[in-house]
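Visitor:
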Amino acid sequence: MSESFWLVLAIVLYFGVMVAIGFYSWLQTEKYDDYVLGDRGLNPFVAALSAGASDMSGWLLMGLPGALFVSGLSELWIAIGLFLGTWANWKWVAPRMRAYTEVSNDSITLPSFFENRTHDQSRALRFTSAVIIIVFFTFYVSSGMVAGGRYYESTFDGDYLTGVLIVGSVTVLYTFIGGFLAVSYTDAVQGTLMFLALLIVPVLALFALNSPSDVLTWPTSQPYGPWENGNPEYFNMIAGVSAATIIGNLAWGLGYFGQPHIVTRFMALRSPAQAKTARRTGSIWVFICFAGATLTALVGTAYFGQKSASVTDQSGFETVFLDLARIMFHPLIAGIVLTAVLAAIMSTMSSQLLVTSSALIEDLYRIFKKNPNHTTLLVLSRTMVVVVAAIGMVMALNPSDTILGLVGFAWAGFGASFGPVILASLYWRKLTAPGALAGMIVGAVTVFVWGTYLSDIIYEIVPGVAFATIAMVGVSLATRPKEGVEEEFNQAIAATDYALAHPDATFQEALEATRGNQAGSTAV
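For the sequence shown, counting from 1, position 254 maps to 386 in the numbering used here; every step adds exactly one.
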């Protein structure tokens, strides 16, 4: 049988499993809150893998290996920043976010939390944050569509547009059906596939070389990819890289604090105490996946230099992982391995589609339509999943940037717009609605302007976070928190501390135990 038959068989089986999970989740989704947040019952292992898989997208298996293949280890600063950001996000944001969103009028989306946290009655904060989510996630979803098209090109030597349509349609199907639970469960499966693939492919490719030790010399002195005589500075992490570039790449870690599709996993945990288990799982997963992506790029320099094979993508070289897997394995095994790339692409897109749909319905529609019934909300949420996906597909028809470029812009947008506000919401009792609104707007505008005109100076997330923080703090200090905000803040922090100290207690027990006794909060 032909290679394409086995590859198609593996992909069809994978699609079938994803859709089956979607139907299973549909049976567990009885009301609108289940569709958006899974009734706050997410297992910490599932939450960790889901957050990791939805975070990394096709960038982990395509964008990062491509960048390392072309430029060398100087691109690792991004991975280092992201690893540190992963750990810090689970450590400092996850426990308090889980507690505070329930204390604050049981908020089920990030915009609703911002509004409830500051007692904003103008709806401006909720509206603005929802618009920011819709705008930046449109770019993010588009990057997933681009990755899907390039995946199809490399794997099947097929048409880019066909790949965009197939990958996008299947992702929409199981997200449409099962909502948050489908997204989380499929992400956990997809995260496991990504983890295993990034272990297996580079290790086997290493031993397929004339000599495994070639990886230590080939990229610096032998021709490969865009380098006719090798890259002498391949292993030098600082050669040819300015301090601003290193700072900008490390600053990717700052973006974690403001990513809605990651933060929703924190909100869905059963208890704040489970963030500790999830942090360990998530940090180990990220570290090993980054190590595998790095080894894939390094081995690829020697493999494609020695063998009579070439990387399909001769522009950004973002198909290194795909090509290695397709060349080395039997087509059926290669197809199974290559589903890891689909897993990375689809896990991120599904999370983004769901969060964007929630922003459109929970945070925009409900501003203008009071007390709609749950059936209407479910129907509209599912409809918006399809609409946002269609817009992403249209944007992906003629991609004008690399996968890494598209992801980087959206990542900076969320990091600057929401990151400072989320941290202040959880750790600063004096945050006000006008201050949060000012921080969001300044962060978003800075990323757009800086990313368009000044991105060569430093990655736009750095000035975005800095200016957003200044605006947020300045305006908050010039205004006053609404009545009841500080009391609610104290209750949330006290409940979090109790839950962390009593990991076997439910969060409701933590609330009961700390009600009326919140004076011990350590936040400022």
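Beta carbons: idealized from backbone N, C-alpha and C, even for Gly.
Cα separation between Gly-478 and Leu-609?
Guide: According to the sequence shown, residue 478 is Met rather than Gly. Cα to Cα, the separation comes out at about 43 Å.
Visitor: Our contact map puts Trp-191 next to Val-418 with C-beta atoms below 8 Å; I'd like the distance itself, whole angstroms only.
Guide: Here Trp-191 is actually not in contact with Val-418; their C-beta atoms are around 13 Å apart, not less than 8 Å.
Visitor: Applying the 10 Å Cβ sphere with the 16-neighbour rule, what's the burial state of Arg-397?
Guide: With 16 or more neighbouring CB atoms inside 10 Å of its own CB, Arg-397 falls in the buried class.
Visitor: Would Asp-319 count as contacting chain D if we go by Cβ distances under 8 Å?
Guide: The chain inventory of the structure shown lacks chain D, comprising one protein chain alone.
Visitor: Less than 6 Å between C-beta atoms, sequence neighbours within five positions excluded: which residues of the same chain meet that for Leu-145?
Guide: No residues qualify anywhere along the chain.
Visitor: Going residue by residue through the stretch 174 to 259, where are the continuous alpha helix (DSSP H) segments of at least 4 residues, counting only ones entirely within it?
Guide: 176 to 190, 196 to 203, 208 to 220, 226 to 235, 242 to 250
Visitor: Whose CA, out of Val-581, Glu-285, Ser-403, Tyr-283, lies closest to the CA of Asp-636?
Guide: Ser-403
Visitor: Measuring straight from C-alpha to C-alpha, what distance separates Gly-652 and Thr-611?
Guide: Here Gly-652 scores only 45 on pLDDT, less than 50, and its place in the model should not be relied on; the value that follows carries that caveat. Gly-652 and Thr-611: Cα-Cα distance of roughly 25 Å.
Visitor: Let me confirm a value: Tyr-388 is counted as buried when at least 16 other C-beta atoms fall within 10 Å, else exposed. Which label applies?
Guide: buried
Visitor: Where does Tyr-272 sit, in a helix, a strand or coil, going by DSSP?
Guide: helix
Visitor: From the DSSP output, which residues share a beta bridge with Trp-359?
Guide: Tyr-356
Visitor: Do you know how far the Cα of Leu-208 is from the Cα of Tyr-232?
Guide: Each residue's Cα considered, the two are about 35 Å apart.
Visitor: Going by DSSP in three states, Leu-555 sits in which element: helix, strand or coil?
Guide: helix
Visitor: Could you give the DSSP three-state label for Leu-586: helix, strand or coil?
Guide: Coil at Leu-586, not helix or strand.
Visitor: Among Gly-551, Phe-327, Ile-589, Ser-186, which one has its Cα closest to the Cα of Leu-486?
Guide: Out of Gly-551, Phe-327, Ile-589, Ser-186, Ser-186 has the C-alpha closest to the C-alpha of Leu-486.
Visitor: Where in the stretch 428 to 491 do unbroken runs of the alpha helix (DSSP H), each at least 4 residues long, occur, reported from the N-terminal end onward?
Guide: 452 to 460
Visitor: From this set, Phe-268, Ala-400, Gly-524, which residue's C-alpha is nearest Ser-182's C-alpha?
Guide: Ala-400
Visitor: From the DSSP output, in three-state form, read off Leu-145 for me.
Guide: helix
Visitor: With DSSP run on the structure shown, which of helix, strand or coil describes Leu-401?
Guide: strand
Visitor: How close, in whole Å, do the beta carbons of Thr-413 and Phe-621 come, if the pair is a contact with beta carbons under 8 Å?
Guide: Wrong, their Cβ atoms sit about 29 Å apart, outside the cutoff.
Visitor: Considering only C-alpha positions, which residue in the set Thr-377, Asp-588, Val-273, Val-594 is nearest to Ser-301?
Guide: Val-273
Visitor: Going by other Cβ atoms of all chains shown within 10 Å of its Cβ, with 16 needed for buried, is Arg-647 buried or exposed?
Guide: exposed
Visitor: Do the stretch 263 to 281 and the stretch 552 to 571 meet, that is, are 3 or more Cβ pairs less than 8 Å apart?
Guide: no
Visitor: Scan the stretch 616 to 640 and note each continuous alpha helix (DSSP H) run of 4 residues or more that stays entirely inside, going in chain order.
Guide: Fully enclosed alpha helix (DSSP H) runs of 4 or longer: 617 to 633.
Visitor: For the alpha helix (DSSP H) holding Phe-599, just list the boundary residues, first then last.
Guide: 593 to 610
Visitor: Is it buried or exposed, Asn-289, if we count other Cβ atoms within 10 angstroms and call 16 or more buried?
Guide: Asn is not the amino acid found at residue 289; the sequence shown has Asp there. Answer is exposed; the Cβ neighbour count stays below 16.
Visitor: Start and end of the alpha helix (DSSP H) containing Thr-377?
Guide: 375 to 382
Visitor: So, Ser-660 versus Val-517, is the Cβ gap smaller than 8 Å?
Guide: Nothing can be reported for residue 660: it is not among the residues displayed for the chain, which extend from 133 to 656.
Visitor: Helix, strand or coil: how does DSSP classify Glu-365 here?
Guide: coil
Visitor: Using 8 Å as the cut-off, can you tell me whether the stretch 193 to 206 makes contact with the stretch 578 to 587, which would need three or more C-beta pairs spanning the two stretches below that distance?
Guide: Touching, no, given that fewer than three Cβ pairs across the two stretches are closer than 8 Å.
Visitor: Among the residues of its own chain, which have a CB less than 7 Å from the CB of Gly-173, if the five just before and after it don't count?
Guide: Arg-402
Visitor: According to DSSP, is Phe-515 helix, strand or coil?
Guide: Reading the sequence as shown, one finds Thr at residue 515 and not Phe. Helix.
Visitor: Quick one: grab the DSSP three-state call for Pro-613.
Guide: In the three-state scheme derived from DSSP, where H, G and I count as helix and E and B as strand, Pro-613 is classed as coil.
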